[in-house]
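Going by our numbering, the sequence shown opens with residue 216, and the numbers climb by one from there.
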Amino acid sequence: MHHHLNGKVAIITGGSSGIGRASAIDLAKEGVKVCLIDIKEDKAKDVKAEIEALGSEAMIVDADLSDANRVKNAIQQVIDQWGGKLDIIFANGGINGVLAPIEDLEPEDWDKTINTNLKGTFHTVKYAIPYMKESGGSIIITSSVNGNRIFSSFGMSAYSTSKAGQMAFGKMAALELAQYKIRVNIICPGGQLKPI
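Rendered as structure tokens:
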């Protein structure tokens, strides 16, 4: 165990599966208290049980990332639960959305993908900042190779746009938040075997 992480508090959106789940387990192994903000509550309960079996603390908050008030309230629940401490934000939650040619893509399907992936990242970071400014911390954003260098996946215009937006947002957040010793990193995974 690396003692520099022991006792820290992390929020992971989309922590019930894939990269989010793996990160939650790895952080718990280092003694980090982990909150899973997710709409897949049954899967999140399984991850919570795994974390607790490792001897760390975990909580689950059901929140739609596209809903500003629900995200704000979710973060407040973490603050209330663990004494105002927040060290790590992993804005990982997202969807592939509807895959369709642009002319066939319904506006509401476009909006759902943008609102979940891009707006959800904004909500998560925005409402975490006040609790991280005093002592610094780390923000990690999951974007995708589809948002910065691979534009050959037919039918993924909304998804790729949301992921490109996360890249720009993350770079601006890094610029703004460096003065508070808040580090912002963006990861851009390619395809994975586990569902997102």
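For every residue, glycine included, the Cβ atom is placed at its ideal position computed from N, Cα and C.
Predicted model only: the values in this text are computed from it and were never measured.
Whole-angstrom C-beta distance between residue j and residue i, which should lie under 8 angstroms
{"i": "S358", "j": "M382", "result": "5 angstroms"}
{"i": "H219", "j": "A283", "result": "33 angstroms between Cβ atoms; not a contact."}
{"i": "L251", "j": "I234", "result": "No, L251 and I234 are not in contact; Cβ-Cβ is about 13 angstroms, not under 8 angstroms."}
{"i": "V276", "j": "A264", "result": "16 angstroms between Cβ atoms; not a contact."}
{"i": "A343", "j": "L301", "result": "6 angstroms"}
{"i": "R285", "j": "V262", "result": "That pair is no contact at about 20 angstroms."}
{"i": "K260", "j": "W297", "result": "Between W297 and K260 the Cβ distance is about 19 angstroms, and since that is not below 8 angstroms, they are no contact."}
Where residue i falls, given that 16 or more other Cβ within 10 Å makes a residue buried
{"i": "A225", "result": "buried"}
{"i": "G308", "result": "buried"}
{"i": "M347", "result": "buried"}
{"i": "M387", "result": "exposed"}
{"i": "L242", "result": "buried"}
{"i": "I317", "result": "exposed"}
{"i": "D253", "result": "buried"}
{"i": "L390", "result": "exposed"}
{"i": "A212", "result": "An answer regarding residue 212 cannot be provided, because it is not within the stretch 216 to 411 covered by the chain."}
{"i": "G229", "result": "buried"}
{"i": "S375", "result": "buried"}
Beta-carbon contacts of residue i that lie in its chain and below 6 angstroms, excluding the five residues immediately before and after
{"i": "R355", "result": "The question names Arg, yet the displayed sequence has Ile at residue 355. Within the same chain, I355 has close Cβ partners F305, N400."}
{"i": "K378", "result": "S358, S359, N361, G362"}
{"i": "R398", "result": "S353"}
{"i": "K334", "result": "S281"}
{"i": "I402", "result": "T357"}
Residue i to residue j span [Cα, whole Å]
{"i": "D326", "j": "A278", "result": "18 angstroms"}
{"i": "K255", "j": "S281", "result": "15 angstroms"}
{"i": "N332", "j": "I310", "result": "7 angstroms"}
{"i": "I266", "j": "F384", "result": "31 angstroms"}
{"i": "K396", "j": "A239", "result": "23 angstroms"}
{"i": "G312", "j": "V293", "result": "28 angstroms"}
Sequence-distant residues of the same chain with beta carbon closer than 7 angstroms to residue i, five excluded per side
{"i": "G222", "result": "G246"}
{"i": "K258", "result": "S231, S232"}
{"i": "D340", "result": "Strictly speaking, residue 340 in this sequence is Val, with Asp absent from that position. So the list reads I304, A306, I354, A388, once near-sequence residues are dropped."}
{"i": "M371", "result": "L314, N361"}
For this session: Starting from the N-terminal side, write out each stretch of the alpha helix (DSSP H) that is 4 residues or longer and does not extend beyond the region 318-405.
Result: 322-329, 335-347, 372-392
Problem set entry | 3-residue-minimum beta strand (DSSP E) runs that sit fully inside the region 222-310, ordered along the chain | 224-228, 248-252, 273-276, 303-306
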